[in-house]
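Q: Residue numbers (my numbering), protein chains in the order written: chain A, 30 to 333; chain B, 67 to 875.
Every residue gets a Cβ at the ideal spot worked out from N, C-alpha and C, and that includes glycine.
Model, not experiment: these values are computed from the prediction.
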Amino acid sequence: MALQSLDIVRRSATTTHPPTVRKAQTGTVAKLIDTTKCIGCKACQVACMEWNDLRDEIGTNVGGYQNPHDLTDQSWTLMRFAEYENPARGGDLEWLIRKDGCMHCADPGCLKACPAPGAIVQYANGIVDFQEENCIGCGYCIAGCPFNIPRISQRDHKAYKCTLCSDRVAVGLEPACIKSCPTGALVWGTKEDMHQHAAERVEDLKSRGFDQAGVYDPPGVGGTHVMYVLHHADQPELYNGLPEDPRISLSTRLWKGVTKPLALAGIALTALAGFFHFIRVGRNETHESDEQAAAQATERARHG
Amino acid sequence: MTNHWVDIKNADLVLIMGGNAAEAHPCGFKWVTEAKAHNKARLIVVDPRFTRSASVADVYAPIRAGTDIAFLGGVISYLLANDKIQRDYVINYTDASFIVREDFAFNEGLYSGYNAEKRAYDKTSWEYEIGADGFAHTDPTLAHPRCVINLMKQHYSRYTPEMVERVCGTPKEKFQQICQMISSTSTTTRAMTIMYALGWTQHSVGSQMIRCAAMVQLLLGNIGVSGGGMNALRGHSNIQGLTDLGLLSNSLPGYITLPFDREQDYEKYVAVRSQKPLRPNQMSYWQNFQKFFVSLQKAWWGDAATAENHWGFDYLPKIDKLYDMLQVFDLMDQGKMNGYLAQGFNPLAAAPNKAKMTAALSKLKYLVVMDPLVTETSEFWRNFGVHHDVDSSKIQTEVIRLPVSCFAEEDGALVNSGRWLQWHWKGAEPPGEARTDIEIMAELYTRLRKLYQLEGGAYPDPILNLSWRYIHPNKPTPEELAKEYCGQALTDLLDPKDPTKVLRKRGEQLAGFGELRDDGTTLSGCWIFCGAWGPNGNLMARRDNADPTGIGQTLNWAWSWPANRRVLYNRASCDTNGKPFNPERMLVAWNGKQWIGSDTPDYKVDDDPSLGVGPFIMNQEGVARFFARGNMVEGPFPEHYEPFESPLGYNPLSRNEPRAVSNPAARIFKADRDALGSAAQFPHVATTYRLTEHFHYWTKHVRLNAITQPEQFVEIGTALADQIGVAAGDRVRVSSNRGHIEAVAVVTKRIRALNIDGKTVHTVGIPIHWGFTGLARPGYIANTLTPFVGDGNSQTPEFKAFLVKVEKV
Numbered sequence: 030m031a032l033q034s035l036d037i038v039r040r041s042a043t044t045t046h047p048p049t050v051r052k053a054q055t056g057t058v059a060k061l062i063d064t065t066k067c068i069g070c071k072a073c074q075v076a077c078m079e080w081n082d083l084r085d086e087i088g089t090n091v092g093g094y095q096n097p098h099d100l101t102d103q104s105w106t107l108m109r110f111a112e113y114e115n116p117a118r119g120g121d122l123e124w125l126i127r128k129d130g131c132m133h134c135a136d137p138g139c140l141k142a143c144p145a146p147g148a149i150v151q152y153a154n155g156i157v158d159f160q161e162e163n164c165i166g167c168g169y170c171i172a173g174c175p176f177n178i179p180r181i182s183q184r185d186h187k188a189y190k191c192t193l194c195s196d197r198v199a200v201g202l203e204p205a206c207i208k209s210c211p212t213g214a215l216v217w218g219t220k221e222d223m224h225q226h227a228a229e230r231v232e233d234l235k236s237r238g239f240d241q242a243g244v245y246d247p248p249g250v251g252g253t254h255v256m257y258v259l260h261h262a263d264q265p266e267l268y269n270g271l272p273e274d275p276r277i278s279l280s281t282r283l284w285k286g287v288t289k290p291l292a293l294a295g296i297a298l299t300a301l302a303g304f305f306h307f308i309r310v311g312r313n314e315t316h317e318s319d320e321q322a323a324a325q326a327t328e329r330a331r332h333g
Numbered sequence: 067m068t069n070h071w072v073d074i075k076n077a078d079l080v081l082i083m084g085g086n087a088a089e090a091h092p093c094g095f096k097w098v099t100e101a102k103a104h105n106k107a108r109l110i111v112v113d114p115r116f117t118r119s120a121s122v123a124d125v126y127a128p129i130r131a132g133t134d135i136a137f138l139g140g141v142i143s144y145l146l147a148n149d150k151i152q153r154d155y156v157i158n159y160t161d162a163s164f165i166v167r168e169d170f171a172f173n174e175g176l177y178s179g180y181n182a183e184k185r186a187y188d189k190t191s192w193e194y195e196i197g198a199d200g201f202a203h204t205d206p207t208l209a210h211p212r213c214v215i216n217l218m219k220q221h222y223s224r225y226t227p228e229m230v231e232r233v234c235g236t237p238k239e240k241f242q243q244i245c246q247m248i249s250s251t252s253t254t255t256r257a258m259t260i261m262y263a264l265g266w267t268q269h270s271v272g273s274q275m276i277r278c279a280a281m282v283q284l285l286l287g288n289i290g291v292s293g294g295g296m297n298a299l300r301g302h303s304n305i306q307g308l309t310d311l312g313l314l315s316n317s318l319p320g321y322i323t324l325p326f327d328r329e330q331d332y333e334k335y336v337a338v339r340s341q342k343p344l345r346p347n348q349m350s351y352w353q354n355f356q357k358f359f360v361s362l363q364k365a366w367w368g369d370a371a372t373a374e375n376h377w378g379f380d381y382l383p384k385i386d387k388l389y390d391m392l393q394v395f396d397l398m399d400q401g402k403m404n405g406y407l408a409q410g411f412n413p414l415a416a417a418p419n420k421a422k423m424t425a426a427l428s429k430l431k432y433l434v435v436m437d438p439l440v441t442e443t444s445e446f447w448r449n450f451g452v453h454h455d456v457d458s459s460k461i462q463t464e465v466i467r468l469p470v471s472c473f474a475e476e477d478g479a480l481v482n483s484g485r486w487l488q489w490h491w492k493g494a495e496p497p498g499e500a501r502t503d504i505e506i507m508a509e510l511y512t513r514l515r516k517l518y519q520l521e522g523g524a525y526p527d528p529i530l531n532l533s534w535r536y537i538h539p540n541k542p543t544p545e546e547l548a549k550e551y552c553g554q555a556l557t558d559l560l561d562p563k564d565p566t567k568v569l570r571k572r573g574e575q576l577a578g579f580g581e582l583r584d585d586g587t588t589l590s591g592c593w594i595f596c597g598a599w600g601p602n603g604n605l606m607a608r609r610d611n612a613d614p615t616g617i618g619q620t621l622n623w624a625w626s627w628p629a630n631r632r633v634l635y636n637r638a639s640c641d642t643n644g645k646p647f648n649p650e651r652m653l654v655a656w657n658g659k660q661w662i663g664s665d666t667p668d669y670k671v672d673d674d675p676s677l678g679v680g681p682f683i684m685n686q687e688g689v690a691r692f693f694a695r696g697n698m699v700e701g702p703f704p705e706h707y708e709p710f711e712s713p714l715g716y717n718p719l720s721r722n723e724p725r726a727v728s729n730p731a732a733r734i735f736k737a738d739r740d741a742l743g744s745a746a747q748f749p750h751v752a753t754t755y756r757l758t759e760h761f762h763y764w765t766k767h768v769r770l771n772a773i774t775q776p777e778q779f780v781e782i783g784t785a786l787a788d789q790i791g792v793a794a795g796d797r798v799r800v801s802s803n804r805g806h807i808e809a810v811a812v813v814t815k816r817i818r819a820l821n822i823d824g825k826t827v828h829t830v831g832i833p834i835h836w837g838f839t840g841l842a843r844p845g846y847i848a849n850t851l852t853p854f855v856g857d858g859n860s861q862t863p864e865f866k867a868f869l870v871k872v873e874k875v
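1) At the 8 Å Cβ level, is isoleucine 773 of chain B part of the contact set with chain A, yes or no?
2) Confirm, please, whether the CB-CB distance from arginine 572 of chain B to aspartate 558 of chain B is below 8 Å.
3) If the cut is a Cβ gap below 7 Å, which residues of chain A does glycine 876 of chain B touch?
4) So what does DSSP say about tryptophan 656 of chain B, is it helix, strand or coil?
5) Measure the alpha-carbon distance for methionine 423 of chain B versus threonine 852 of chain B and round it to whole angstroms.
6) Taking 7 Å as the cut-off, does the CB of alanine 500 of chain B come closer than this to any heavy atom belonging to the ligand ATP?
7) Is the shortest distance between the beta-carbon of cysteine 213 of chain B and the beta-carbons of chain A less than 8 Å?
8) Hey, methionine 83 of chain B and aspartate 134 of chain B are a contact pair by Cβ (cut 8 Å); roughly how many whole angstroms apart?
9) In terms of alpha-carbon separation, which member of B:Ala147, B:Arg632, B:Thr68 and B:Gly578 lies closest to methionine 258 of chain B?
10) Buried or exposed for valine 50 of chain A, going by 16 or more other Cβ atoms inside 10 Å?
11) Within its chain, find whatever has a CB closer than 6 Å to the CB of tryptophan 656 of chain B; leave out the 5 residues flanking it on each side and keep chain order.
12) Cβ closer than 9 Å: which chain B residues qualify as neighbours of proline 97 of chain A?
13) Against glutamate 112 of chain A, what residues of chain C qualify as contacts under a CB-to-CB distance less than 7 Å, listed in chain order?
14) Hey, would you say tryptophan 80 of chain A sits closer than 8 Å to cysteine 191 of chain A, going by beta carbons?
15) Do glycine 845 of chain B and alanine 809 of chain B have their beta-carbon atoms positioned less than 8 Å apart in this structure?
16) So proline 92 of chain B contacts chain A; which residues on that side make the cut at Cβ distance below 9 Å?
17) How would you list, in chain order, the residues of chain A whose beta-carbon sits under 9 Å from the beta-carbon of valine 810 of chain B?
18) Could you name the residues that DSSP lists as bridge partners for glutamate 123 of chain A?
19) From which residue to which residue does the beta strand (DSSP E) around leucine 215 of chain A run?
20) Pull up the distance between the alpha-carbon of phenylalanine 868 of chain B and that of threonine 267 of chain B, whole angstroms please.
21) Give me the Cα-Cα distance between glycine 243 of chain A and asparagine 76 of chain B, rounded to the nearest whole angstrom.
22) Could you run through the stretch 229-258 of chain A and flag, in chain order, every residue whose CB is less than 9 Å away from some CB of chain B?
23) May I have the straight-line CA-CA distance separating lysine 866 of chain B from valine 798 of chain B, to the nearest angstrom?
24) Could you name the residues of chain A that leucine 786 of chain B contacts, counting a contact when the two beta carbons are closer than 7 Å?
25) Can you tell me whether arginine 130 of chain B is buried or exposed? The criterion is at least 16 other CB atoms within 10 Å of its CB, across all chains shown.
26) Whose C-alpha, out of A:Ala148, A:Ala76, A:Asn154 and A:Asp136, is nearest the C-alpha of glutamine 54 of chain A?
27) In chain order, which beta strand (DSSP E) runs of at least 3 residues are fully inside the stretch 758-788 of chain B?
28) Check whether the Cβ atoms of alanine 741 of chain B and valine 830 of chain B sit closer than 8 Å, and answer yes or no.
29) According to DSSP, asparagine 173 of chain B sits in a beta bridge with which residue or residues?
Structure follows, in structure tokens:
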């Protein structure tokens, strides 16, 4: 895969035009997660923590294989385990293991919802990235995400999630999780190539009796740059609640659709009100006595 | 492994049984996914639990822990009854046609010659009929009723699908579906690989389970072929190397055995091991035993090993009995040992019955622990509350901890499961005061030698005469040691056919064990490694992954013992004329003049196939053995015996023979028998195992591993959970007759209740990784629960099937 520029095509709460000269000439990128090859070894979880300098806490076991129990600001990816007795196969048990994490939507709800300029960006190669230094910790990205991925840190009150190792991808490397996967369940390439590979996998699965095998690339969010191969593409919710038809929530759509212009109008009205206050009442001024009182208060605070 | 990791991609069918490759060998498991993806292979998993391997299998069948011989015996019965065998292979390459002695017998679970008092057999009758010429009688028409294959048919006719269901709890339909799939590989163009690990080894009948599977493979013609084989997945990065270098109590390097104390006579010691052919024209390669043995003695004792002193034969200890793990710790518990050196070994956690281990260690005067980590063994004297409740004031053992480097901090070769010696280079210097194992052992030796020099002692010769040729005596380098175990010429080696020609100059590395001599002119510390560091340098360090045929035979990547041969018995991949059974996956072939192909032939390279030399050149028969003769302690054919702690208390296959409930020849001491529990008190079947997230008792010291699997748990099925009122996440107490642990309950559909001979049997899964040292949450040592009983051949403890009781805390 060729080197990818990190040109930003979308930036949260920003109206300036993105640069358009450079395009992702080799196509956008995609990670394909083949749940039918995954053995749930968690090498990807460890690789993610190692590459991104994260260390989650040493937690507890609450009665399953899933550890940590949920995505956190320190765990950007997580194996989720589900037991399923398949009626189509005489009740035979299946252990459906899904690597959870950011799906890198083509139409990212988080970015849409984000009010902080430049806290969420989308690169030309399709990666949706959080720029924490711009994050104000409002949590709108969580509301905007149809996959429940971003997590706000208790430490710095900023939102974190998988970057798809944009720093590695920018220099021609695959994401750390891909490199660590021992069975080839995680595959990396252009989105087009990943679809091709997925089609071969689906054909193989159908030959093994999984008639409903298929690819998960949900159109409701414009498709995703993280895709799944599922044995049961007709029932994605079997895989620990993978949404069947994810969409950006109504409130986010309203916020960006109808509400935002209204809110902007509100802001304009406030400015207008200020202007008329100035015209009618004059400026708000401080007098000498106010300054003295302030100086005394400061002095007291220093020595008192 | 008979084959190697990469070769698994050539399989048409993969059977994982007695192991959980996806869990314990995730990197090697990639070759299973390759076989599935590119060879349309199907994967079968048979296991008491629906495992990570099962999660990607095409067919999964449950089985009761410890009943694999009943299952595999059922498969043998199916293959024979339905004539689903590779006939040419079976007739020509196995002992199917050999005639067994008339006095050999089997009745109600016992073979002829049993002595109940000694718990051992007189194996005289377990033999072929041998003629006056020293050769075994055969009947190639297979008509003789005492032909091995006819005895086998008779033996396994009792293993019906109904019997399999009764003993194993495997639903009959699933069992038959699996038989049918397995039988599809009896053709010449399809191969099945069997991947197993400690799920077979760690039983009181572990060796026979493995043997039984090998018999299935022989019937199908799946041994010696690409994509086939019996593939033991080794549990440590260098445990294959440990076995190869003979670190078992009765072993010397290269599968040479130590003399017993009844073997004081050198000639007899050699004669017994230089096995003569049992059929005409057979190679019986162990006839070269003396070359290997003398070269070993020369490596160890140099000039002090001479023809006059039988190459230092008297320097070797002659053992009165095996000093395996169980025996040693039993002696320690009896107070018969003063000191113990635990080198890279954490026996308090790794050996059965922790209470006995704690008592045993407490009786030592001193304990030396060489380890990179603070192991439980090194802290056995300290109180850790409920997880290790000892009274330190009553323990007088002095513990000395020597910090050592870990594998990534030293150069050297590791031998992988596929017998590849791969040289590696250190990634960092060891921290603090840590030193390599080599340095510690070397200095220990030089100090001991000095003491013997100064003070003498009883028979100091073996110590004083040891050849110690290293430039820095306290710091031999891995390179020096490697060259020594690989083999060197001690004088100019002349060509026996043309004495004017020097084959190897004095001091030159040898190219292979074919160059070893029994006259003291060569040395080799481990004959099977001979050639790994050859005249052209360190072949273990090679990293050329060229694979000209595309079947994964990368002969220039590292070096594989023996003779850089990647698939053992590969001559058996060809018919009797030397033509490959499956030309698509050719390993070797006869071209009219010599054997060529993608592998080093396991055969004399210029032996014309018409000479009729068999492909199993290490065996006296020249062919593979269904009939083990006297090589196994419990009988020539694998027979189902119950685990020592059985939920039934009887053997459904020999209902009326109380002596044949469990393995009649397994290793058990009297006190340990008394510590066994019964199904009345302990109704649940337990099995212990590893998780992907951890490696033994090491990685709980590693933060990242501890994050992904932080706290001790046990797995129980939903039926048992309902019965005892436990929900996922509750704490449970698991007790055996030897102690108890407490852990979080993982309640799962992946473990189902089994119907065993009309009785409902629940299985409890107990991962082993926790203990009272490290970063993960402190836990109990799983081996608190396990019984102190071992396989009769390997003495490996029965960690995989024992009885417990699970209760809500």
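A: The short version:
1) Reading the second sequence from its first residue, position 707 is the one you call residue 773 of chain B. With 8 Å as the cut-off, isoleucine 773 of chain B counts as an interface residue toward chain A.
2) Counted from its first residue, the second sequence places residue 558 of chain B at position 492. Counted from its first residue, the second sequence places residue 572 of chain B at position 506. The Cβ atoms of aspartate 558 of chain B and arginine 572 of chain B lie closer than 8 Å to each other.
3) Outside the displayed span of chain B (67 to 875) sits residue 876 of chain B, for which this structure offers no information.
4) Start at 1 with the first residue of the second sequence, and residue 656 of chain B comes out as number 590. Three-state result, tryptophan 656 of chain B: strand.
5) For the purposes of this step, residue 423 of chain B is taken as residue 357 along the second sequence, with counting starting at 1. For the purposes of this step, residue 852 of chain B is taken as residue 786 along the second sequence, with counting starting at 1. Taking the straight line from one Cα to the other gives about 12 Å.
6) The ligand ATP is not part of the structure shown, which contains no ligands of any sort.
7) Numbered from 1 along the second sequence, position 147 holds the residue referred to as residue 213 of chain B. So no, cysteine 213 of chain B is outside the interface.
8) Walking along the second sequence from the start, residue 83 of chain B turns up at place 17. Walking along the second sequence from the start, residue 134 of chain B turns up at place 68. With 8 Å as the limit, methionine 83 of chain B and aspartate 134 of chain B qualify as a contact, their Cβ atoms being about 7 Å apart.
9) By 1-based counting over the second sequence, the position of residue 258 of chain B is 192. The option with the nearest alpha carbon to methionine 258 of chain B is B:Thr68.
10) By one-based count along the first sequence, residue 50 of chain A stands at place 21. The residue in question, valine 50 of chain A, is exposed, as its Cβ has fewer than 16 Cβ neighbours within 10 Å.
11) As a first step, residue 656 of chain B must be located in the second sequence, where it is residue number 590. Closer than 6 Å at Cβ, skipping near neighbours: Gly644 and Pro675.
12) For this step, residue 97 of chain A is matched to residue 68 along the first sequence. What proline 97 of chain A touches in chain B: Ile773, Thr774 and Pro776.
13) Although the question refers to chain C, the structure presented lacks it and instead comprises the protein chains A and B.
14) By one-based count along the first sequence, residue 80 of chain A stands at place 51. By one-based count along the first sequence, residue 191 of chain A stands at place 162. No. Outside cutoff.
15) In the second sequence, residue 809 of chain B corresponds to position 743, counting from 1. In the second sequence, residue 845 of chain B corresponds to position 779, counting from 1. Contact: yes.
16) Residue mapping note: residue 92 of chain B aligns to position 26 of the second sequence, counting from 1. Neighbours of proline 92 of chain B on chain A, chain order: Ile68, Cys70, Ala72, Pro211 and Thr212.
17) Walking along the second sequence from the start, residue 810 of chain B turns up at place 744. Chain-ordered, the chain A residues with CB closer than 9 Å to the CB of valine 810 of chain B read Thr89, Asn90, Val91 and Gly92.
18) Locating residue 123 of chain A in the first sequence gives position 94, where the first residue counts as 1. DSSP lists A:Tyr113 as partners of glutamate 123 of chain A.
19) Your numbering for residue 215 of chain A matches position 186 in the first sequence. Leucine 215 of chain A -> beta strand (DSSP E) spans 215-219.
20) As a position in the second sequence, residue 868 of chain B is number 802, starting the count at 1. As a position in the second sequence, residue 267 of chain B is number 201, starting the count at 1. Each residue's Cα considered, the two are about 14 Å apart.
21) Position 214 of the first sequence, counted from the start, is the residue given in the question as residue 243 of chain A. Position 10 of the second sequence, counted from the start, is the residue given in the question as residue 76 of chain B. Approximately 27 Å, taken between the alpha carbons.
22) Per Cβ criterion, the list reads Glu229, Arg230, Asp233, Ser236, Arg237 and Gly238.
23) In the second sequence, the residue the question calls residue 866 of chain B occupies position 800. In the second sequence, the residue the question calls residue 798 of chain B occupies position 732. Valine 798 of chain B has its alpha-carbon roughly 20 Å from the corresponding atom of lysine 866 of chain B.
24) Here residue 786 of chain B refers to the residue found at position 720 of the second sequence. Near leucine 786 of chain B there are no residues of chain A at all, since even the closest Cβ is about 14 Å away, more than 7 Å.
25) Numbered from its first residue, the second sequence carries residue 130 of chain B at position 64. So arginine 130 of chain B counts as buried.
26) As a position in the first sequence, residue 54 of chain A is number 25, starting the count at 1. Nearest option by C-alpha distance: A:Asn154.
27) Along the length of the stretch 758-788 of chain B, whole beta strand (DSSP E) runs at least 3 residues long occupy 779-783, reported in chain order.
28) Position 675 of the second sequence holds residue 741 of chain B. Position 764 of the second sequence holds residue 830 of chain B. Not closer than 8 Å, so no.
29) As a working note, residue 173 of chain B is residue 107 in the second sequence. Per DSSP, the beta-bridge partners of asparagine 173 of chain B are B:Leu176.
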